[in-house]
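Trainee: Provided herewith is a single structure, encoded as structure tokens, for subsequent inquiry.
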Amino acid sequence: MITRIEIHDLTKQFGDITAVNNVSLDVRKGEVFGFLGPNAAGKSTTVKIAATLLTPNKGTVFINGYDVLEDPEEVRITIGLLPEDGADTHYDRLTNYENLQYFGGLYNVPIEELQNRIEELLEFLELTDRRDESPRTFSTGLKQKLSLARALVHNPPVVFLDEPTSILDPIMSKKVREFIDKMGESQKQTFFMCTHLLSEAEHVCDRVAFISNGRLMEVGRPSDLRNKFWTERTFELQLVNNNPAKGKAIVEATGLAKTVKMEGGRVVFVVEEADRNNPSIVYVLIEAGLRIVELRERVPSLEDVYLKVIGG
Amino acid sequence: MLKKVWVMARTEIRMVFKSRQVKSIPVMVVLFSVMFSVFMAWLISVIPAPPDPFFYRVMMASTMGLVVVMMPVILPVMIAADSIVGEKERRTLVPLLATPLTDSELLLGKALTAIVPGLVVAYANFILAIGIMNGMLLFMAPFLLWVWPTLLDVVQALIMPPLFSALAVGFTVIISGRVSTVYEAYQISTFIVLPAMLVPYIGLLQGSGFDWLILSLVAVILGIADYAVFRLSLNLFSRDRLISRL
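Protein chains in written order, with this note's numbering: chain A, 60 to 371; chain B, 3 to 248.
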């Protein structure tokens, strides 16, 4: 597995404040990696160091094998960046097309390839009709779309997105998520995405890391993190004739569930070792003459995991 | 390397000429140059004794020298301040710093952006003044026709502006990395480079204007100063400091 981003013992201080504290992690080729944390957790500082904009006090970052301290130019060729507050970072005296053309030119993208790429991105982001307008006339959401296009204009193998959808409307957020997902699926580009929108990370990211107060708390696939922090599993049971009280009593009587309660006409119970205990519970219910409409697991969201890890 | 510098300078110059603030300065200075030429021609026509051609040439060379130098000092300082600190203020600096531009490419691009418009205006100004002055002298005092500019004056007008511009921009780049507003950068830079504008008057001290020796000396000294200031600005340039101050 090729590693695109390697972060080793990264530490960055601003005066007395340690923004990033001994962070180490790897991101593999083609991965969509979510970097999650509350405000001022150190997400943007990490991205700025990886983009060679800030110098770490300790440790380093390798992008595509290039050290940000030793080969900053090579790193910058390799990456695309949608910075924090990216929507406000366009040249108002240029048109949207010229903004993209300018940045493509700085990456030495051949003219014909650049034109095709810009057209493609503008079309996908539904900005084609407005290509000759100034970003000044754009709403924040539209500016953010332009920022995304700018980050991708040179087709970089590694893309850093700092809060890419936090200011977009739900429809556009979904579209951008789908776009990132599609790019990630092609296994060609690696996305490192800072976000505090956990639902976004859950939909898009192959792996996530939680950072808090500059410290890396957890790294892993969302499902692995769920399993790690949720040894107990919660199930919802719906019975024919909607008789939850009887169902509750029977489940309790089995002694296999840790807790049993009724919620909105359903029986909700928590078990450990569900693979062993659930069949027994179902058997007892059927033996008691109850008929089951549905038995469904209540999967904890990434938000639940996050709150547990960060301690919210 | 030069391709990226050219892409940057070309785009930024296009943006510079769209700035209302910058647009007004060349117009004002060209206007000043025209008015000055007209005033000089009028003065020559009204003074009772015919002016001494030698005196006329020295006066024109020094005064136009100042006008020609003034433009490449004031305009580049303003553009460089706006181009570096202004980018910080407008938040456009972060994506630019994340591109593959090296520090020297970035500074060279910014320097060209600041220098070229000033040079264009300065040279245009000089040509305009030559045309107006000699055009009017043709009717008012034909014996002064083409007394100014001499070859020395033309060479001076050609080489001094880029040398002064580079110095002014170098100082502005250094200062821009340490201040937070365009206004601060502009004020401090102007204060530092303003004395340089007196250089065209050095020639007056010996009563004959610049001669080839003084011109060569001044050019060499300015060239060395330009290089030293550029190296210094490159050494002091720090993406970290610029970003941390945002």
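We treat Cβ as the ideally placed atom computed from N, Cα and C, and that holds for glycine. Small disclaimer: the values here were computed from a predicted structure and weren't measured.
1) Using a Cβ-Cβ cut-off of 9 Å, state whether L238 of chain B counts as contacting chain A.
2) Roughly how many whole angstroms lie between the Cα atoms of K88 of chain A and F250 of chain A?
3) For T13 of chain B, which residues of its own chain have a beta-carbon under 6 Å away from its beta-carbon, when the five flanking residues on both sides are left out?
4) According to a CB-to-CB cut-off of less than 7 Å, which residues of the segment 155-181 of chain B neighbour chain A?
5) List the residues of chain B that P142 of chain A touches, going by C-beta distances under 8 Å, in chain order.
6) Are there 16 or more other CB atoms within 10 angstroms of the CB of E172 of chain A, so buried, or fewer, so exposed?
7) Between which two residues does the alpha helix (DSSP H) carrying R176 of chain A extend?
8) Taking D105 of chain B and F239 of chain B to be in contact with their CB atoms under 8 Å, please state how far apart those CB atoms are, rounded to whole angstroms.
9) Find the nearest neighbour of L349 of chain A within the set A:G139, A:R335, A:I108 and A:A308, judged by alpha-carbon distance.
10) CA-CA distance, V69 of chain B and L215 of chain B?
11) Output the distance between the C-alpha atoms of V60 of chain B and F38 of chain B, rounded to the nearest integer angstrom.
12) Below 8 Å, how does it come out for the segment 323-342 of chain A and the segment 360-370 of chain A: are there three or more Cβ pairs, yes or no?
13) Tell me the rounded alpha-carbon separation between V149 of chain B and A126 of chain B.
14) Do T183 of chain B and E91 of chain B have their beta-carbon atoms positioned less than 9 Å apart in this structure?
15) Can you tell me which of A:R335, A:T62, A:Q72 and A:V319 puts its alpha carbon nearest to the alpha carbon of L84 of chain A?
16) Cβ of L95 of chain B within 9 Å of Cβ of I245 of chain B?
17) What residue from A:F92, A:D68, A:G74 and A:V79 has the CA that sits closest to L257 of chain A's CA?
18) Could you have a look at G323 of chain A and say whether DSSP puts it in helix, strand or coil?
19) DSSP state of Q72 of chain A, grouped into three classes?
20) Output the residue ranges of the alpha helix (DSSP H) runs that lie fully inside the segment 151-231 of chain B and measure 4 residues or longer, sorted by chain position.
21) Determine, using beta carbons only, whether D242 of chain B comes closer than 9 Å to chain A.
22) Kindly say whether Y125 of chain A, judged by its beta-carbon, lies nearer than 9 Å to any beta-carbon of chain B.
23) Using the beta-carbon of each residue, which ones in chain A are nearer than 7 Å to R22 of chain B?
24) Sort out for me which residues DSSP pairs F92 of chain A with in a bridge.
25) Would you call the CB atoms of P142 of chain A and A99 of chain A closer than 9 Å?
Mentor: Here's the rundown:
1) no
2) 9 Å
3) none
4) none
5) V96, P97 and A100
6) exposed
7) I170 to F183
8) 5 Å
9) A:A308
10) 22 Å
11) 15 Å
12) no
13) 20 Å
14) yes
15) A:T62
16) yes
17) A:F92
18) coil
19) strand
20) 153-178, 184-195 and 204-207
21) yes
22) no
23) Result: empty, since nearest Cβ-Cβ is about 10 Å, beyond 7 Å.
24) A:F251 and A:R266
25) no
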